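Chains as they are written, first to last, in UniProt numbering: chain A, 1 to 254; chain B, 1 to 254.
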DNA sequence: CAGTGTGAACCTATTCACAGCT
DNA sequence: AGCTGTGAATAGGTTCACACTG
């Protein structure tokens with residue numbers, strides 16, 4: 001409990017706001033779809049609609065990357081795909097380990113989203129000896145004892161924790177000690193990490209609770225229904241980010 | 001432009017800020033742990049540490065709920081657990097359906113986080129007839145054909161989408177048409193929904209990309225120690241950007 | 001013109017710091 | 001004395017609206 005690291009001194013990166021970074025993957029996905037349909041250019045309006053954001057926000061976001069559009073025309077799809085990929089660091093290979101191969105870990109291992117876009121599952125790790133050697137999604141599970149060696153041999157800097165909450169912190173510490181500096185945490189617990197390590201968390205139960213809050217409110221307001229102007233934001237979608245560096249972001253479960 | 005946006009105070013009713021709502025589940029989890037250890041009271045400092053936030057923020061958050069603390073003492077654990085639970089709507093039962101029982105859907109069905117705290121998996125739904133009737137995590141899978149009936153019979157207002165991206169939008173529309181007003185989306189696609197429906201998304205690949213962004217920057221800064229100056233966001237000129245000109249991608253994840 | 005790029009206004013969230021209660 | 005509750009200050013993010021450009 002000693003380290004109550006909850007600060008995020010992490011140098012306010014020059015440039016790109018965190019909220020923008022969190023949306024880049026969204027733009028990239030929309031652009032990739034356009035690219036596959038061989039669409040050559042898009043306007044901020046069209047792309048924004050596809051990504052579910054408003055166009056002013058999108059233009060502002062892109063302006064942080066540079067001036068990649070053409071006035072009167074729009075953005076070159078291929079070019080933007082490349083620029084965003086580069087900005088996100090997806091032009092390189094990111095080996096990832098998944099620790100905790102239960103139902104969730106196994107599902108993650110098989111998830112296609114990993115394979116695409118530069119992420120590669122370098123290893124699956126679990127503490128259960130019965131699993132050791134058994135292939136999950138085509139990858140043999142390795143034992144926790146070898147965690148440090150696996151991390152180092154594969155040059156892994158991103159770790160995914162899908163263990164029970166009770167062991168998440170200690171797994172986290174071993175990952176960090178072995179050299180991991182980014183962690184995606186699916187365990188329902190707050191991880192404390194040293195400065196310089198990023199943690200993002202995905203928490204199903206938190207997401208449901210947030211939905212329940214709004215759901216309850218809707219129910220309560222039915223009576224006070226005032227047909228008046230519709231609620232704002234059409235294509236509104238849930239917030240997303242909030243993930244400063246080493247501390248409490250809060251989003252997505254799984 | 002064209003869009004006649006009727007500006008409207010989103011935060012109707014005395015609103016608890018969205019950012020605060022997103023943290024309440026975190027506090028609740030920490031408080032529940034304290035409760036189980038029979039700790040009677042906590043200070044904002046202690047609770048904040050357990051939840052991984054700073055104490056001023058926590059106190060401010062609680063102040064939106066009312067004055068539930070005692071100056072000079074702290075907060076009564078049990079009382080706070082109750083107040084937050086009530087605020088989040090967890091004192092009632094929320095039947096939930098999961099649509100798409102693949103690896104992920106099955107993992108979600110088995111996830112303990114559901115059971116606790118008022119959420120109950122009312123049904124599992126999948127389009128594959130081969131799955132129909134087969135129990136997953138003890139619950140028999142039902143066929144998509146019966147989706148509307150299931151929603152209505154169970155009074156479901158929260159739906160979880162764990163289908164492939166390609167069918168997520170249409171599943172979403174059926175859920176909404178049947179009466180669901182809150183959706184937790186695990187499919188990597190942007191859902192568009194009518195006003196009044198909340199969508200929260202959980203996207204593994206987005207999270208990884210955000211981590212990759214920061215990871216890349218860490219690597220890049222190892223050399224450039226002094227990041228002092230900081231370029232004014234505005235007026236940034238291209239001279240400092242890595243020249244994208246000549247270098248053509250070539251290898252790009254599709 | 002159509003559509004980008006961006007200052008400026010606006011809104012939301014975090015942090016500070018201290019008055020006020022127990 | 002200790003700790004909450006909160007106005008005020010600050011920082012961060014979004015939206016507006018329009019000058020400017022291809």
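Note that the Cβ used here is the ideal one computed from N, Cα and C, for glycine as well.
Bear in mind that the values here come from a model prediction, so they are computed numbers and not experimental data.
Closer than 9 Å to the CB of residue 218 of chain A there is at least one CB belonging to chain B.
Spatial neighbours of residue 81 of chain B in its own chain (CB-CB distance under 8 Å, excluding positions within 5 residues in sequence) are listed in chain order as 28, 31, 32, 35. With its beta carbon less than 9 Å from one in chain B, residue 188 of chain A belongs to the interface.
Listed as beta-bridge partners of residue 123 of chain A by DSSP are A:97. For a cut-off of 8 Å, the C-beta gap from residue 202 of chain B to residue 160 of chain A is around 14 Å, too long to register as a contact. Beyond the five residues adjoining it in sequence on each side, residue 43 of chain A comes within less than 6 Å, by CB distance, of 74 in the same chain, given in chain order. Inclusion of residue 163 of chain B and residue 112 of chain B in the CB contact set at 9 Å is not warranted, their separation being larger than that value. Between residue 178 of chain B and residue 136 of chain B, the gap from beta carbon to beta carbon reaches 9 Å or more. With a threshold of 9 Å between beta carbons, residue 204 of chain B makes contact with chain A.
A straight line joining the alpha-carbon of residue 99 of chain B with that of residue 91 of chain B spans about 25 Å.
The beta-carbon separation of residue 198 of chain A and residue 182 of chain A, rounded to 5 Å, stays under the 8 Å limit for a contact. Any Cβ of chain A closer than 9 Å to the Cβ of residue 153 of chain B would place that residue at the interface, and such an atom is absent. Within chain B, the residues 215, 218 have their CB atoms less than 8 Å from the CB of residue 181 of chain A, given in chain order. Residue burial annotation: residue 207 of chain A is buried, with at least 16 other C-beta atoms found within 10 angstroms of its C-beta. Within the stretch 158-180 of chain B, those residues whose Cβ lies closer than 7 Å to any Cβ of chain A are, in chain order, 158.
By the C-beta criterion, the stretch 119-132 of chain A is judged to be in contact with the stretch 149-159 of chain A, since at least 3 inter-stretch pairs fall below 8 Å.
If you draw a straight line from the Cα of residue 189 of chain A to the Cα of residue 168 of chain A, it is about 7 Å long. In the displayed model, residue 83 of chain A falls within a helix according to three-state DSSP. Residues of chain A with a Cβ closer than 7 Å to the Cβ of residue 21 of chain B are, in chain order, 210, 213.
Nearest CB-CB separation between residue 72 of chain A and chain B: not below the 9 Å threshold. Looking at the DSSP output, residue 201 of chain B bridges to B:185. Residue 16 of chain A: not part of any beta strand (DSSP E); DSSP gives it neither H nor E.
Within chain A, the residues whose beta carbon sits less than 7 Å from that of residue 51 of chain B are 190, listed in sequence order. A residue is called buried once 16 or more other Cβ atoms fall within 10 Å of its Cβ, and residue 23 of chain B is buried on that count. Beta-bridge partners of residue 76 of chain A (DSSP): A:41. Residue 142 of chain B: member of the beta strand (DSSP E) spanning 139-143, first to last residue. Comparing alpha-carbon positions, the option among B:128, B:156, B:55, B:210 lying closest to residue 18 of chain A turns out to be B:210. When DSSP reads this structure, residue 70 of chain A sits in a beta bridge with A:74. Annotated as distal: residue 16 of chain B and residue 58 of chain B, with beta-carbon spacing of 9 Å or more. Per DSSP, reduced to three states, the secondary structure at residue 135 of chain B is strand. By a beta-carbon distance limit of 8 Å, residue 89 of chain A contacts residue 213 of chain B. Their separation comes to about 6 Å. Taking C-beta separations shorter than 8 Å and ignoring five residues to either side along the sequence, the partners of residue 87 of chain B in its chain run 16, 24, 65, following chain order. With respect to chain A, the C-beta atom of residue 122 of chain B has no partner C-beta closer than 9 Å. Interface criterion met: the Cβ of residue 96 of chain B is under 9 Å from a Cβ in chain A. A Cβ-Cβ separation of about 7 Å places residue 52 of chain A in contact with residue 192 of chain B under the 8 Å criterion. Taking C-beta atoms as the reference points, residue 95 of chain B and residue 141 of chain B fail to come closer than 9 Å.
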